[in-house]
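Number of protein chains: 4
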Amino acid sequence: MSASMQTFTMLGLNETSIVDKPIPTPGPNEALVKTTAALICTSDVHTVRGALPVEPGRTLGHESVGVVAAVGSAVAGFTEGQRVAVNAVTPCWQCSYCQRGLSSQCGGLLGGYKYTAQVDGNMAEYFLVPAAQANLAPIPDSVPDEAAVYACDMLSTGFMGAEHAQITLGDTVVVFAQGAVGLAATIGARLLGAGRIITVESLPERVALSKRFGADEVVDYTHGDVVEQILDLTSGQGADATIEALGAPHTFEAALACLKAGGTLSNVGYHGENPAPLQLDLMAFGLGMGEKTIRTGLCPGGSDRMRRIFTLIETGKVDPTPMTTHRFAFADVQRAFTMMADKEDGIVKPLITFA
Amino acid sequence: MSASMQTFTMLGLNETSIVDKPIPTPGPNEALVKTTAALICTSDVHTVRGALPVEPGRTLGHESVGVVAAVGSAVAGFTEGQRVAVNAVTPCWQCSYCQRGLSSQCGGLLGGYKYTAQVDGNMAEYFLVPAAQANLAPIPDSVPDEAAVYACDMLSTGFMGAEHAQITLGDTVVVFAQGAVGLAATIGARLLGAGRIITVESLPERVALSKRFGADEVVDYTHGDVVEQILDLTSGQGADATIEALGAPHTFEAALACLKAGGTLSNVGYHGENPAPLQLDLMAFGLGMGEKTIRTGLCPGGSDRMRRIFTLIETGKVDPTPMTTHRFAFADVQRAFTMMADKEDGIVKPLITFA
Amino acid sequence: MSASMQTFTMLGLNETSIVDKPIPTPGPNEALVKTTAALICTSDVHTVRGALPVEPGRTLGHESVGVVAAVGSAVAGFTEGQRVAVNAVTPCWQCSYCQRGLSSQCGGLLGGYKYTAQVDGNMAEYFLVPAAQANLAPIPDSVPDEAAVYACDMLSTGFMGAEHAQITLGDTVVVFAQGAVGLAATIGARLLGAGRIITVESLPERVALSKRFGADEVVDYTHGDVVEQILDLTSGQGADATIEALGAPHTFEAALACLKAGGTLSNVGYHGENPAPLQLDLMAFGLGMGEKTIRTGLCPGGSDRMRRIFTLIETGKVDPTPMTTHRFAFADVQRAFTMMADKEDGIVKPLITFA
Amino acid sequence: MSASMQTFTMLGLNETSIVDKPIPTPGPNEALVKTTAALICTSDVHTVRGALPVEPGRTLGHESVGVVAAVGSAVAGFTEGQRVAVNAVTPCWQCSYCQRGLSSQCGGLLGGYKYTAQVDGNMAEYFLVPAAQANLAPIPDSVPDEAAVYACDMLSTGFMGAEHAQITLGDTVVVFAQGAVGLAATIGARLLGAGRIITVESLPERVALSKRFGADEVVDYTHGDVVEQILDLTSGQGADATIEALGAPHTFEAALACLKAGGTLSNVGYHGENPAPLQLDLMAFGLGMGEKTIRTGLCPGGSDRMRRIFTLIETGKVDPTPMTTHRFAFADVQRAFTMMADKEDGIVKPLITFA
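Chains as they are written, first to last, in this note's numbering: chain A, -18 to 336; chain B, -18 to 336; chain C, -18 to 336; chain D, -18 to 336.
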């Protein structure tokens, strides 16, 4: 193992660079992973723009897979060179929140999200894994890195969105926005028994992916009021469940407005861009008495979550790789990041590979 | 049976009176009940002030018990003179919503709430019961009318608030406002395993009732910021669940702000007074990712719900009668209504009795 | 409407015939349906062999679709000639059980199962529908009778089996026996997010259907111990959930034995053939402490259930028609019944059509 | 810290003694606790009689509280001398089962139960705590050791029995047997909203405790058939939920037989004494279709569980100390164990105190 490694690091507001850092040594409950593939996440774009208060010099990234380079003294059952994935969320599995099954809120609000937010991220040649016994997930032989890497955040987060929507067999479900997480929520809604899946999107590449991943109909918001279009499609009834996968006030409000009494709005979108409070229109909210439920969530972590997603990939029920619209070597990560920030060339997800 | 009956009727905006109407005849699936006792609800005060669009001449009231006077041809198993209670919500039990267990949203948003909103209410000497086979609830001999009448709305609604809060054994639960529904939510939180119940109230009579019904601590909002007081009481952690039982923007916002990641805000309050949207502060909302849940609801109807509440009263686990702060004969119902509207004399609930 | 109709009737033990009966007239809450298509169910074979105590002269059948011929005075929203399906279970939607969501147990244990068991069934030219407002389900134009008829029992029952199994995304699920209900449970497990579906079957036609409907692997019990085969396929771990769709002691026991700690055994099979108690092996049962759950159930009824299943058929997510291995005109129903009883010619479901 | 400690050890089948052993040193994720109080559990009586295969020389005990003597290098937030309790079940909080919330089945069937079964127990002057960061539970100042010690197993297990029973507000619940765990299940049923609690017991001391802890009625099985008595008390309807807290075939069968359609049997009793399979009578089982559920479970572990129970004790909602019928110094533990084995003198729980 060489003594230093390259990392993709946030130097300060709107400033990123490849930076050399020492390869870290794992503590007793940690592991060190040598990265083989990673994805760039829009969250990192938000972070670099100042959405999260982050110390200068923090490594970016939270969607990486690789091979085990070393494990701490209290970590058992892994071998050097074994292919592993690590979820974007790396809980301690010890605290009161983790014990209650709230691993994404480890230690308190949003606390399971440690990479970049609390410690160095993993868009780097090597990275540390906290609570490695629980957070290191072996990748099955039949699942290639370029598929496995989607389990780290996109599939785990999008599926959470669908799980929180409390879908009953045959329900009508609307998914707002078909970026990578929205597409994964569409896959999730299909996996969980939705009868009819309506998605909201206007970019042609994403509309095509949406249909490929399970949308029965796609509503284009450039063609008129989204809520009206959804009510028209549902004989004025609205949806049994809605999933907000953009993180914007207008989609959040539309997701409540087109929801039937008794339905669930599952929020997946990150509402950190705009500081103004979200609004609950009183009629859409049923004056507080419409048996509507609003749920929120963050990507659930842990190897068991990853194992389940890998099973779905292994048996051919899920194939996320069509989301990879662009590919780059790690040396070109800055170019990939810029494209992601600017949403150039119909980009959905750029895959970064490591030598 | 005499041909006419007295009813407490809304003549128009801010205008009510005792009005004579013909005693109605039940259709095949209906029943006619002769009223013995009733409670006045703050909802009716809202209605008379214009919160709901109601035809002039509609009878008010939705919390009444009595005896069976007649049943329709398709209703079986009841006898004339049998003591019965009828829930404020009288679902059809046939529609798509009712079949899915959403009886309060019968036929669509808030649709199970029929008395006054859709048909004549039951602050009257006689009243009709729709879907009587399911909505007529026999009152056990050991439960007096003055206790049974609380099952119609106050206990059923307040308990729903506690049920929606998804309390786990030993949780810390905060109930905002200790009017009758808030007090019932406090009872409900105690019944459902809350470890520590903190209520928010400042009126001395209600503070006393709150402690009697199960509050471990009462926070007085006249003594400082409520959220800060709750955080102080909980070592900065906040509550596992909160119940909003007032229906006001500031209590709704506080109920979200003092909620732990992963917790549930159960809204019971009616937010129809103020037309402005409710606000979701982004930090309190965990940027949409804090695993917080907001649930809303309306009183669940039906005889099975009533039967369960009567069992709790029969075995001494619940006694709602201390909420009855005032008593009136039906002839004085206008006076009782005015007191309720003006919140005079520490009134919580006025009981109306019928000759 | 002619005054009489032909019915397929149980004359006595092991004796059936086509019998003429008067066309019934619907009561206020009933409807009369003119049958267009029906399926024969193995339950009727059990009934004719004496599994249920049934009065001589009772019409058989509970899986029929048709058109509305007449509705009672209290039934609204249907037109004569409208295509409708009626679930095998026809609850009252009024009793304590129905109010609690236990429509299949209407009035008490198994009480929602009325056709043949309590009243005349619907393998007949016309049939009555109790509680028609809730039990008559319109069939969408795009769903042909020969698909819709599977919603009456096979899909509704099989899906219930999968719903009761409490599947989490990516779970390994085993379905025991791939008759029509088992096949529907396989479809249901796929719809509800199972990661890996293992079915147990040996008849080649059913093995082929099982794979077509979603099985990832099929275990043949003629090739060795089923539990051992399942443990071998799962690295000794067993399944997260198992579904018993045969109704036999050995499959029930195997379904418990190959279940992981914390898993759920969902029983769908009818255990009425063999009077001996089922056995719970103590090791398989985790000495009563293995966090295993055993759930049982009967086909859920009602138009909302049917509507959801029709949506799944409309959007192409489910096509049950490959289960129809044989077709007969109603005049030949006796021949179809005999084939079903004797399991001749690889029969799965025979479709009966009416002139 | 002295170099050796006294332990209550199983030498072999039916042979126990106080034995000196070295005081162990905690590994990086462990803690060492100096015991102050403990309870003897009937499980240990079973173990000594051979129910569990245990190596000779294993220390008994799994219900102990004490003070922190030392913590491992990776354990933070505790101070020497701090009062702590440790649950009978000490999960790793890392494995696939723990990650899914099945901490009692850590690593596989019953695997969370480590003390005595897998490692030395804690009826000793000192004991090790695995996964101490999650398993060490601080005891609040207002909760004395003699109350806190009940949280380790009796309350946690009995409450689990009530939680698994899926009680809806106002339900009728039957608890079979009123030993310490059954009494705790009675408390749990009361805490979780049961309307009517019927317990089954005949020993006068336990009948008295049962009423004190919340039983509305106690059925004495020496006065006739238990199922008949329960049906008589419930107008022939049976119970909404039943809790088996003995671990015997006849109570298990009765718990199923007196259960309504749609109800839940929650098993808490340990069925390891009798090797014969448990029997499911087909009628009681609804032929596999009665919507009945059978759940099983083992004491859930972890500091968060303990914290919640302590809150219930702190606010006065639970006081388990009346279960302590006898008290002994550790020097007399053998005498206490013999009394427990022989159920002498109306013993329920003997408290053991340490110098």
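Ideal Cβ placement from N, Cα and C applies to all residues, glycine included. If you're wondering where the values come from, they're calculated on a predicted model, not measured in any experiment.
Query                                                                                                                             : Result
Status (buried if at least 16 other CB within 10 Å, exposed otherwise) for residue 324 of chain A                                 : exposed
Under 8 Å between C-beta atoms of residue 160 of chain B and residue 226 of chain B                                               : yes
Residue 340 of chain B - DSSP class collapsed to helix/strand/coil                                                                : Absent from the structure is residue 340 of chain B, since the part of chain B shown begins at -18 and ends at 336.
Three-state secondary structure (DSSP) of residue -1 of chain C                                                                   : strand
Beta-carbon neighbours of residue 288 of chain A, restricted to chain D and to distances below 9 Å                                : 77
Residue 331 of chain D and residue 322 of chain D closer than 8 Å at C-beta                                                       : no
Classification of residue -18 of chain C by the beta-carbon crowding that lies within 10 angstroms, buried from 16 upward         : The predicted position of residue -18 of chain C is uncertain, since its pLDDT is 49 and thus under 50; a value taken from the coordinates is nonetheless stated next. Exposed, since its Cβ has fewer than 16 Cβ neighbours within 10 Å.
Chain A contact for residue 316 of chain C (CB, 8 Å cutoff)                                                                       : no
Enclosing alpha helix (DSSP H) for residue 114 of chain B [first to last residue]                                                 : 113 to 116
Any 3 or more C-beta pairs closer than 8 Å across the region 214 to 228 of chain D and the region 140 to 152 of chain D           : yes
Residues near residue 228 of chain B in its chain [Cβ-Cβ closer than 7 Å; skip 5 each side]                                       : 250, 251, 252 and 254
Short CB-CB distance (under 8 Å) between residue 268 of chain A and chain B                                                       : yes
Beta-carbon separation (whole angstroms), residue 133 of chain D vs residue 207 of chain D, contact threshold 8 Å                 : Residue 133 of chain D to residue 207 of chain D, Cβ: 31 Å. No contact.
For residue 297 of chain A, the nearest candidate out of C/2, C/175, C/34 and C/92 (CA to CA)                                     : C/175
Counted within 10 angstroms of its Cβ, other Cβ atoms place residue 75 of chain A as buried (16 or more) or exposed               : buried
Short Cβ contact (8 Å threshold) for residue 237 of chain B with residue 266 of chain B                                           : yes
8 Å Cβ cut-off: residues of chain B touching residue 255 of chain C                                                               : Going along chain B, no residue has its Cβ under 8 Å from residue 255 of chain C, so there is no contact; the nearest lies around 35 Å.
Residue 269 of chain C Cβ short of 7 Å to the ligand GTP heavy atom set                                                           : Of the ligands one can find in the structure shown there are none, so the ligand GTP has no counterpart to examine.
Exposure of residue 67 of chain B, with buried meaning 16 or more beta-carbon neighbours within 10 Å                              : buried
Segments assigned alpha helix (DSSP H), at least 4 residues, entirely inside the region 156 to 190 of chain C                     : 161 to 172
Per DSSP, cross-strand counterpart(s) of residue -13 of chain C                                                                   : C/1
Three CB pairs or more closer than 8 Å across the region 102 to 122 of chain C and the region -8 to 0 of chain D                  : no
Other residues of its chain near residue 235 of chain B: CB distance less than 7 Å, five sequence neighbours each side excluded   : 157, 207 and 208
Any C-beta of chain B under 8 Å from that of residue 55 of chain C                                                                : yes
Proximal chain C residues relative to residue 115 of chain B, where beta-carbon distance stays under 7 Å                          : 75 and 80
Spatial neighbours of residue 129 of chain D in its chain, beta-carbon cut-off 6 Å, leaving aside the 5 residues before and after : 46, 66 and 120
CB contact check: residue 72 of chain B to chain A, cutoff 8 Å                                                                    : no
Beta-bridge pairing of residue 240 of chain C - partner residues as DSSP gives them                                               : C/220
Meets three-Cβ-pair contact criterion under 8 Å: the region 41 to 60 of chain C and the region 96 to 116 of chain C               : yes
Under 8 Å (Cβ pairs) to chain C, residues found in the region 292 to 322 of chain A                                               : 292, 293, 295, 296 and 298
CB contact check: residue -18 of chain A to chain B, cutoff 8 Å                                                                   : Because residue -18 of chain A carries a pLDDT of 48, less than 50, the predicted location of this residue cannot be relied on, and no value is offered for it.
Length of the line joining the Cα atoms of residue 113 of chain B and residue 12 of chain B                                       : 6 Å
Buried/exposed call for residue 115 of chain A, threshold 16 Cβ in 10 Å                                                           : buried
Cβ of residue 144 of chain A within 8 Å of any chain C Cβ                                                                         : yes
Assigned secondary structure, residue 15 of chain A (DSSP; H/G/I helix, E/B strand, else coil)                                    : strand
Opening and closing residue of the alpha helix (DSSP H) in which residue 340 of chain C lies                                      : A question about residue 340 of chain C goes unanswered here, because the residues of chain C that appear run from -18 up to 336.
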